[in-house]
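In our numbering, the protein residues as written are 4 to 119. We put the beta carbon where it would ideally sit given N, CA and C, even for glycine.
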Amino acid sequence: MSTKSQNLDFNFLGALGSCIEQYIKGKLSKIEVIKILDQRLSKEDRSNWNQKKEFKGHELIETFLELKGMTQADLAKKTDLSTSKINDLIKGRVRITPNIAKELASVFNVEHTTFL
C-alpha cells in the first residue's frame, strides 16, 4: 500500500470513527454521517472509496468496541457468543449471521443491518 493510500485510510477511518461515535450518541443521523464522510473525500479519494464499496460488518465490530470502551470479553458477556467467536468475527474468519448481527446491534445500539 502506498503512503498516499495509507493517508486516505487513516484520515477517512478517523472521520468514520468520529461519525460513528456521534451516531451512537444520537447526535448524527445516517444521512448526516454520509454527508460528512462524502465531504471528507476528495475526488481521487472518492474514486478509491467507490472501488471498496463499503466496510464489512466484521471491520466495524472492533471500532464499536473501541468507541464503547469494551473488550472482546465484555462483548461476549453481553451476547450469547464466546470470546473466541467474537475474535473470529473480528478477524473475518466467521460469517456474521442475521442472529449475530441482531445481538451486536442490541449491544451497540445500531441497526442490525449495519453488520450484514
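> Excluding five sequence neighbours on each side, which residues of the same chain lie with their C-beta closer than 6 Å to the C-beta of T117?
Replying inline: Stepping through the sequence shown from its first residue, residue 117 is reached at position 114. Taken in chain order, the list of residues that qualify is empty.
> Counting pairs of beta carbons, one from the segment 30 to 42 and one from the segment 78 to 90, are three or more of them closer than 8 Å?
Replying inline: no
> How many Å lie between E24 and L70 at the Cα?
Replying inline: Looking up residue 24 in the sequence shown gives position 21. Looking up residue 70 in the sequence shown gives position 67. Near 6 Å, if we compare the C-alpha coordinates of L70 and E24.
> Can you list, in chain order, the residues of its chain whose CB lies under 8 Å from that of N112, leaving out five sequence neighbours each side?
Replying inline: For the purposes of this step, residue 112 is taken as the residue at position 109 of the sequence shown. Around N112: I27.
>> Considering only the alpha carbon of each residue, which of L107, E106, G95, I99 lies closest to L119?
In response: As a first step, residue 119 is located in the sequence shown; it is residue number 116 there, counting from the start. Sorting L107, E106, G95, I99 by C-alpha distance to the C-alpha of L119 places I99 at the top.
> Where do the N-terminal and C-terminal ends of the alpha helix (DSSP H) with S87 fall, by residue?
Replying inline: Translated into the one-based positions of the sequence shown, residue 87 becomes position 84. From DSSP, the alpha helix (DSSP H) with S87 extends over 86 to 94.
>> Tell me the residue span of the alpha helix (DSSP H) that contains S32.
In response: To locate residue 32, count along the sequence shown from 1; it is residue 29. Careful: S32 lies outside any alpha helix (DSSP H) and carries neither H nor E.
>> Just to confirm the assignment, what range does the alpha helix (DSSP H) spanning F67 have?
In response: Numbered from its first residue, the sequence shown carries residue 67 at position 64. 60 to 71 is the span of the alpha helix (DSSP H), which, as asked, contains F67.
> How about L92 and E106: are their beta carbons less than 8 Å apart?
Replying inline: Here residue 92 refers to the residue found at position 89 when the sequence shown is read from its first residue. Here residue 106 refers to the residue found at position 103 when the sequence shown is read from its first residue. No. Outside cutoff.
> T86 and A76: beta carbons closer than 8 Å?
Replying inline: Residue numbering aside, residue 86 sits at position 83 when the sequence shown is read from its first letter. Residue numbering aside, residue 76 sits at position 73 when the sequence shown is read from its first letter. Annotated as proximal: T86 and A76, with beta-carbon spacing under 8 Å.
> Considering only the beta carbon of each residue, do L31 and C22 sit closer than 8 Å?
Replying inline: For the purposes of this step, residue 31 is taken as residue 28 along the sequence shown, with counting starting at 1. For the purposes of this step, residue 22 is taken as residue 19 along the sequence shown, with counting starting at 1. In this structure, C22 lies closer than 8 Å to L31 by Cβ.
>> If you measure between the beta carbons of G95 and K59, is that distance less than 8 Å?
In response: On the sequence shown, residue 95 is found 92 positions in, with the first residue counted as 1. On the sequence shown, residue 59 is found 56 positions in, with the first residue counted as 1. Against a cut-off of 8 Å, the Cβ pair of K59 and G95 comes out as a contact.
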